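Chains as they are written, first to last, in my numbering: chain A, 9 to 154; chain B, 9 to 154.
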DNA sequence: TATAACCTTAGAGCCAACTCTAAGGTCAAT
DNA sequence: ATTGACCTTAGAGTTGGCTCTAAGGTTATA
Ligand SMILES: [Zn+2]
Ligand SMILES: [Zn+2]
Ligand SMILES: [Zn+2]
Ligand SMILES: [Zn+2]
């Protein structure tokens, strides 16, 4: 039986975070001492580790709630239920990746275009590009206007 | 001279957002009517468009504040001042990209490993992987444990 | 028995960038 | 003169995931 500080050590999640997860229905301490201290058993620990792994994978706490309700009753859920959640998350991640890659490309083009030197910025092509609107917005690819 | 709703139309930013930007020192209406209505001239419009372009490029409002103070006095700033901000932003973007790519890879591996079918999840390899800790965390690359 | 290091709770604060509300003033058209 | 569409302000609410505080109770050690 682990106290919350011990569970915290085992998992790398703060005691605050563990209580927060409990408040949001993700985890629970299956026992309490007479004074009300939380005590966690091995099954509790494994559940917390599941949450942590899912969190590291990028799932939101809401997603994890769903995954946990599958986990506690696998017989009532299908592999498709699991892949639906995973697929949805992958789509979100891919959308963000696309957005960030476009930013990356724009920033790289901006940096290439500027001398980066110590003289004054009256001629700076980054400032010019930002002033000019920078992108052809009709095109999905960020591209500096020449 | 544009009223706020007209500037909103011209820029695609809501009047709320324009007032929010003003409150945070990014933009300003150079004139007001007797009744206190904001009026924007061409120079105001160009400044707002600069803000919008920088926003689309991924810069935070704090970054944009710095870029704007360079913009109004280019002679007192160097190209390096501009590239410093841009480079910092690129590093942030690259860090997020790395994180998201790792998530993407993990999610793809999970999806490959699961049949996604209608039978029950007692054998689901996604659930197993999340239970098992999923990643070799010593390695930067996400990898399913075999 | 005192001190420190734990634990409890409800609830507030934080981050960024909005987004919206309330309560009222203004303006153009009917 | 009355709609209705605009405008103003200060300030509250939203999102997600923590993070921290206050005020108190418990436990281990000296
Ligand atoms: Zn230069
Ligand atoms: Zn430059
Ligand atoms: Zn299956
Ligand atoms: Zn499966």
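We put the beta carbon where it would ideally sit given N, CA and C, even for glycine. This structure is a prediction, so every number in the text was calculated from the model and none was measured.
Query raised in the report: Of all Cβ atoms in chain B, is any one closer than 9 Å to the Cβ of residue 91 (chain A)?
Result: Position 83 of the first chain, counting from 1, holds the residue named residue 91 (chain A). True, the Cβ-Cβ gap to chain B drops below 9 Å.
Requested in this report: Could you check what DSSP says for residue 136 (chain B) in three-state terms: helix, strand or coil?
Outcome: What you label residue 136 (chain B) is simply residue 128 of the second chain in a count that begins at 1. Residue state, collapsed to three classes: helix.
Query raised in the report: Between the beta-carbon of residue 138 (chain B) and the beta-carbon of residue 65 (chain A), is there less than 9 Å?
Result: Here residue 138 (chain B) refers to the residue found at position 130 when the second chain is read from its first residue. Here residue 65 (chain A) refers to the residue found at position 57 when the first chain is read from its first residue. Result yes, Cβ atoms of residue 138 (chain B) and residue 65 (chain A) sit closer than 9 Å.
Requested in this report: Please check if any C-beta of chain A sits within less than 9 Å of the C-beta of residue 74 (chain B).
Outcome: In the second chain, counting from the first residue as 1, residue 74 (chain B) sits at position 66. Closer than 9 Å: no.
Query raised in the report: Quick one: Cα of residue 91 (chain A) to Cα of residue 73 (chain B), how far?
Result: Taking the first residue of the first chain as 1, we reach residue 91 (chain A) at position 83. Taking the first residue of the second chain as 1, we reach residue 73 (chain B) at position 65. So the two alpha carbons sit approximately 44 Å from each other.
Query raised in the report: Quick one: what does DSSP say residue 10 (chain A) is sitting in, helix, strand or coil?
Result: Your numbering for residue 10 (chain A) matches position 2 in the first chain. The answer is strand: DSSP assigns residue 10 (chain A) an E or B state.
Report task. Give, in chain order, every unbroken run of the alpha helix (DSSP H) that is at least 4 residues long and sits entirely within the segment 28-105 of chain B. Result -> List check, alpha helix (DSSP H) in window: 50-65 and 69-80.
Query raised in the report: Taking a cut of 8 Å between CB atoms, which residues from the segment 43-71 of chain A lie near chain B?
Result: Contact residues of the segment 43-71 of chain A toward chain B are 54, 57, 58, 61, 62, 64, 65 and 66 (C-beta to C-beta distance below 8 Å).
Report task. Mind listing the chain B neighbours of residue 105 (chain A)? Cutoff is C-beta to C-beta under 8 Å, in chain order. Result -> As a first step, residue 105 (chain A) must be located in the first chain, where it is residue number 97. In chain order: 105, 108, 109 and 112.
Query raised in the report: Does any heavy atom of ligand 4 sit closer than 8 Å to the C-beta of residue 9 (chain A)?
Result: Start at 1 with the first residue of the first chain, and residue 9 (chain A) comes out as number 1. Checking every heavy atom of ligand 4 against the Cβ of residue 9 (chain A), none is found closer than 8 Å.
Query raised in the report: Whose C-beta lies closer than 8 Å to the C-beta of residue 122 (chain A) among residues of the same chain, with five residues either side of it excluded?
Result: Working through the first chain from its first residue, we reach residue 122 (chain A) at position 114. Spatial neighbours of residue 122 (chain A) in its own chain (CB-CB distance under 8 Å, excluding positions within 5 residues in sequence) are listed in chain order as 132, 133 and 134.
Query - Short Cβ contact (9 Å threshold) for residue 10 (chain A) with residue 52 (chain A) - result: Here residue 10 (chain A) refers to the residue found at position 2 when the first chain is read from its first residue. Here residue 52 (chain A) refers to the residue found at position 44 when the first chain is read from its first residue. Contact: yes.
Report task. Could you work out which residues of chain A lie near residue 80 (chain B), taking near to mean beta carbons separated by less than 7 Å? Result -> Numbered from its first residue, the second chain carries residue 80 (chain B) at position 72. Residues of chain A with a Cβ closer than 7 Å to the Cβ of residue 80 (chain B) do not exist, since the nearest Cβ in that chain sits about 11 Å away.
Query raised in the report: What separation, rounded to the nearest whole angstrom, lies between the Cα atoms of residue 6 (chain A) and residue 33 (chain B)?
Result: The requested residue 6 (chain A) is not part of the displayed model; chain A covers only 9 to 154.
Query raised in the report: Rounded to a whole number of angstroms, what is the C-alpha to C-alpha distance between residue 85 (chain A) and residue 59 (chain A)?
Result: One-based indexing of the first chain puts residue 85 (chain A) at position 77. One-based indexing of the first chain puts residue 59 (chain A) at position 51. Those two C-alpha atoms are separated by around 19 Å.
Requested in this report: State the Cα-Cα distance for the pair residue 67 (chain A) and residue 16 (chain A), rounded to the nearest angstrom.
Outcome: Here the question's residue 67 (chain A) lines up with position 59 in the first chain. Here the question's residue 16 (chain A) lines up with position 8 in the first chain. In this structure, the CA atom of residue 67 (chain A) is about 20 Å from the CA atom of residue 16 (chain A).
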